[in-house]
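Below is one structure; the comments refer to it alone.
Protein chains in written order, with the numbering used here: chain R, 2 to 314; chain A, 2 to 314.
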């Protein structure tokens, strides 16, 4: 039986790079006992630098009661690292063979009722868990860099993952102060990276064609869509920008623009079904809020974001 | 001869919708005399609602000295609207025929040394200016919605636009409190919309395939890449995330991932030339700042952005 999510006090972070180290910092800030596994003792100074940087920001955002750097233990023995852990966050290098070997070992030494989450940004859990004898408790738990600041964790199981492990991870990450997003399907890149990657590849196309420099790309993002995207997301940004008609107006009116060469990425066919999914989805997010209310909140939040950026420039 | 950019005191905004109305609010907040042209007097209440909403945010961000709503004049006669204007921002509906007719008329009634900027998000100035007798002073000046908050203005001329008009627009928008981005080429969608559109189309693909809901898309953006993109842009985000190796490490190490199906958009070939352009571009932005300094600033700014969003939630 999986441990009660709200009674977890001890987690293990495997890996001391920006991701594994960042996770350790996050869990410490949320008041957990954290065991950090380093492959080599020589990685300690680099990890400590990450932790020190992260701790400043975490303190600024507000530590949980009981949070303390004294609750960190660093070990280089894997058996010792997982001992007593009630959750394991794995952030080993992005190499499938290496991860498969690691999960085979973890499958043997970690009790089968302990969930293991992988930080992988590109590999599929179905592949990672292939050689693991107890794959049912292994899930993807993909953070965004820096993992101690950005709240998102994308969660999805592999073919052999039990549904209850996915549910457990969702509840646990939420209690641990993250914003979990359980994916509908196991797709390469998950949701957030796919969105970012589409944008990134279009940026590379523009630089390759001499249409923009890296500086142009970043100026355009920072001063254009990004501050709004940070408070509203792209779906609700379009929904609210179209007034009372919302996403329905957006798609019915600007749908034909999906055929225009405004990016190298060809859009999907705008079927009635896709249109309705978008409209229903945005209406669901909006609930009973009118567009004026949402636009006013968007503006208040963009003002706050712009001031925050300006005041820390 | 074009007027001196720093002596402009009177601008005309054509169109009273969210874009034209938003521009009027912006110019008023920056201390200009503003004449707003409405196609129909009945559009006045909708415009006043936009102005009222915008003015709250603009006041919060800080008005320029002399800024006053008393300096607004609303007219429905185009000849009267452009009288005495030292700059014209055109935000008529996104219809090429309509814009061509408008620019033909503007070409006749606006003195030839007055620059006209178009807010169009999808049309090309070469097409818009086709029937204009004085096309050399017509440029694209594309804002991001809401135009009174997001600083970006993308600038590019058409085939018949004079280089000095593009330069003038860049200088004028800068003085008027915007962040101008002069484009290298006239491409459909300009820079920022192309980036946003690639992301948007990938989002539609995911919704069409049942991989994510609109809610998932927005949760992923708001809690993942967007707050970081608002402070760093995507190029510098990758540059700084790769430590001392920067963009060179990113491309040399993760270049092969550009072949992975992490989005429906196929990446360009990662030639030596493209690699060097990305690396040189990021090094230029970084100047003599080390990656630790830039990472620390990124974190401070993300903390401020997250707090700003939380405090206005």
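Every residue gets a Cβ at the ideal spot worked out from N, C-alpha and C, and that includes glycine.
So which of R:94, R:111, R:113 and R:132 has the shortest CA-CA distance to residue 120 of chain R?
Residue numbering aside, residue 120 of chain R sits at position 119 when the first chain is read from its first letter. The residue with the shortest Cα to Cα distance from residue 120 of chain R is R:94.
Buried or exposed: residue 179 of chain A, going by 16 or more other Cβ atoms within 10 Å of its Cβ?
Reading the second chain from its first residue, position 178 is the one you call residue 179 of chain A. It counts as buried.
I want to verify the contact list: residues of chain A whose CB lies under 7 Å from the CB of residue 217 of chain R, in sequence order.
On the first chain, position 216 is the one that residue 217 of chain R refers to. Simply 182 and 192.
When the distance is taken between beta carbons, is residue 230 of chain A closer than 8 Å to residue 3 of chain R?
If you number the first chain from 1, residue 3 of chain R lands on position 2. If you number the second chain from 1, residue 230 of chain A lands on position 229. Contact: no.
Can you tell me whether DSSP reads residue 31 of chain A as helix, strand or coil?
Looking up residue 31 of chain A in the second chain gives position 30. DSSP places residue 31 of chain A in coil when its eight states are reduced to three.
Taking the alpha helix (DSSP H) that residue 1 of chain A belongs to, which residues open and close that run?
Because chain A is modelled from 2 through 314, residue 1 of chain A falls outside the range shown and cannot be assessed.
In terms of alpha-carbon separation, which member of R:217, R:34, R:141 and R:15 lies closest to residue 8 of chain R?
Looking up residue 8 of chain R in the first chain gives position 7. It is R:34.
Where do the ends of the alpha helix (DSSP H) carrying residue 51 of chain A lie?
The sequence position of residue 51 of chain A within the second chain is 50, counting from 1. Looking at the DSSP string, the run of the alpha helix (DSSP H) that includes residue 51 of chain A is 45-62.
Mind listing the chain A neighbours of residue 237 of chain R? Cutoff is C-beta to C-beta under 7 Å, in chain order.
Residue numbering aside, residue 237 of chain R sits at position 236 when the first chain is read from its first letter. Ordered by position in chain A, the residues that pass the 7 Å Cβ test against residue 237 of chain R are 219.
Taking only beta carbons into account, state which residues of the stretch 79-96 of chain R come closer than 7 Å to chain A, listed in chain order.
Going along the stretch 79-96 of chain R in chain order, one finds no residue with a Cβ nearer than 7 Å to chain A.
Cβ closer than 7 Å: which chain A residues qualify as neighbours of residue 185 of chain R?
As a working note, residue 185 of chain R is residue 184 in the first chain. Correct list: 211, 212 and 213.
Would you mind working out which of R:126, R:132 and R:140 sits nearest residue 114 of chain R, comparing C-alpha positions?
Counting from 1 along the first chain, the entry for residue 114 of chain R is found at position 113. Comparing Cα-Cα distances from residue 114 of chain R to each of R:126, R:132 and R:140, the minimum goes to R:140.
Considering only C-alpha positions, which residue in the set A:303, A:57, A:16 and A:122 is nearest to residue 155 of chain A?
For the purposes of this step, residue 155 of chain A is taken as the residue at position 154 of the second chain. The shortest C-alpha separation from residue 155 of chain A is found at A:122.
Relative to the C-alpha of residue 90 of chain A, which candidate in A:286, A:195, A:238 and A:20 has its C-alpha closest?
Sequence index remark: in the second chain, residue 90 of chain A carries index 89 (1-based). Here the closest residue by C-alpha is A:20.
Report the neighbours of residue 301 of chain R on chain A: residues whose CB is nearer than 9 Å to its CB, in chain order.
Position 300 of the first chain, counted from the first residue, corresponds to residue 301 of chain R. Near residue 301 of chain R (Cβ distances below 9 Å), the residues of chain A are 57, 58, 61 and 313.
Can you give me the C-alpha to C-alpha distance between residue 268 of chain R and residue 5 of chain R, rounded to a whole angstrom?
On the first chain, residue 268 of chain R is found 267 positions in, with the first residue counted as 1. On the first chain, residue 5 of chain R is found 4 positions in, with the first residue counted as 1. So the alpha carbons of these two residues sit roughly 44 Å apart.
Which residues share a DSSP beta bridge with residue 264 of chain R?
Position 263 of the first chain, counted from the first residue, corresponds to residue 264 of chain R. DSSP, once it has assigned bridges, lists no residue as partnering residue 264 of chain R.
Taking buried to mean at least 16 other C-beta atoms within 10 Å of its own C-beta, is residue 290 of chain A buried or exposed?
Here residue 290 of chain A refers to the residue found at position 289 when the second chain is read from its first residue. The residue is exposed, with fewer than 16 neighbouring Cβ atoms inside 10 Å.
Touch check for the stretch 283-299 of chain R and the stretch 207-218 of chain R: three-plus C-beta pairs under 8 Å?
Verdict: no, contact absent.
Return the chain-ordered list of same chain residues with a C-beta closer than 8 Å to the C-beta of residue 86 of chain R, the five sequence neighbours on each side being excluded.
Walking along the first chain from the start, residue 86 of chain R turns up at place 85. So the list reads 11, 12, 13, 36, 111 and 115, once near-sequence residues are dropped.
Using only alpha-carbon positions, find the residue among R:281, R:272, R:186 and R:147 that is nearest to residue 157 of chain R.
Position 156 of the first chain, counted from the first residue, corresponds to residue 157 of chain R. Minimum Cα distance to residue 157 of chain R is reached at R:186.
Below 8 Å CB to CB, which residues in the same chain sit around residue 106 of chain A once its five sequence neighbours on both sides are set aside?
Counted from its first residue, the second chain places residue 106 of chain A at position 105. Cβ within range, chain order: 79.
The alpha helix (DSSP H) with residue 108 of chain A in it runs from where to where?
Translated into the one-based positions of the second chain, residue 108 of chain A becomes position 107. Looking at the DSSP string, the run of the alpha helix (DSSP H) that includes residue 108 of chain A is 97-110.
Cβ of residue 193 of chain A within 8 Å of Cβ of residue 226 of chain R?
For this step, residue 193 of chain A is matched to residue 192 along the second chain. For this step, residue 226 of chain R is matched to residue 225 along the first chain. Yes, these two residues count as a Cβ contact at 8 Å.
Between the stretch 22-34 of chain A and the stretch 297-311 of chain R, are three or more C-beta pairs nearer than 8 Å?
No: the two stretches stay apart, fewer than three of their Cβ pairs being nearer than 8 Å.
Suppose only complete runs of 4+ residues qualify. What are the alpha helix (DSSP H) ranges in the stretch 245-301 of chain A, listed by chain order?
Counting whole runs of 4 or more residues, the stretch 245-301 of chain A contains the alpha helix (DSSP H) stretches 247-255 and 273-287.
Could you have a look at residue 22 of chain R and say whether DSSP puts it in helix, strand or coil?
Within the first chain, numbered from 1, the residue matching residue 22 of chain R stands at position 21. Residue state, collapsed to three classes: helix.
Distance cutoff 8 Å, beta carbons only. Does residue 145 of chain A sit that close to anything in chain R?
On the second chain, residue 145 of chain A is found 144 positions in, with the first residue counted as 1. By this cut-off, residue 145 of chain A is an interface position.
Report the residue from A:208, A:196, A:199 and A:39 whose alpha carbon sits nearest the alpha carbon of residue 83 of chain A.
Working through the second chain from its first residue, we reach residue 83 of chain A at position 82. Out of A:208, A:196, A:199 and A:39, A:39 has the C-alpha closest to the C-alpha of residue 83 of chain A.
Using alpha carbons as the reference points, say which of A:124, A:130, A:96 and A:126 lies closest to residue 108 of chain A.
Position 107 of the second chain, counting from 1, holds the residue named residue 108 of chain A. Taking only the C-alpha atoms, the option nearest residue 108 of chain A is A:130.
From the DSSP secondary-structure annotation, give me the bridge partner or partners of residue 90 of chain A.
Position 89 of the second chain, counted from the first residue, corresponds to residue 90 of chain A. Paired residues: A:14 and A:118.
Taking residue 142 of chain A as the reference, give the member of A:173, A:99 and A:30 with the closest Cα.
Counting from 1 along the second chain, the entry for residue 142 of chain A is found at position 141. For residue 142 of chain A, the nearest C-alpha among the options comes from A:173.
Mapping DSSP to helix, strand and coil, what is residue 162 of chain R?
Translated into positions along the first chain, residue 162 of chain R becomes position 161. In the structure shown, residue 162 of chain R sits in coil (DSSP, three-state: anything other than H, G, I, E or B).
Measuring only between beta-carbons, confirm whether residue 224 of chain A sits less than 8 Å from chain R.
In the second chain, the residue the question calls residue 224 of chain A occupies position 223. Yes, residue 224 of chain A counts as interfacial toward chain R.
Can you give the beta carbon distance from residue 203 of chain A to residue 266 of chain R, rounded, assuming they're within the 8 Å contact cut?
Counted from its first residue, the second chain places residue 203 of chain A at position 202. Counted from its first residue, the first chain places residue 266 of chain R at position 265. The Cβ separation is near 6 Å, so the contact holds.
Who are the near neighbours of residue 124 of chain A in its chain, counting only those whose CB is closer than 8 Å to its CB and skipping five residues on each side?
Start at 1 with the first residue of the second chain, and residue 124 of chain A comes out as number 123. The residues are 95, 97 and 100.
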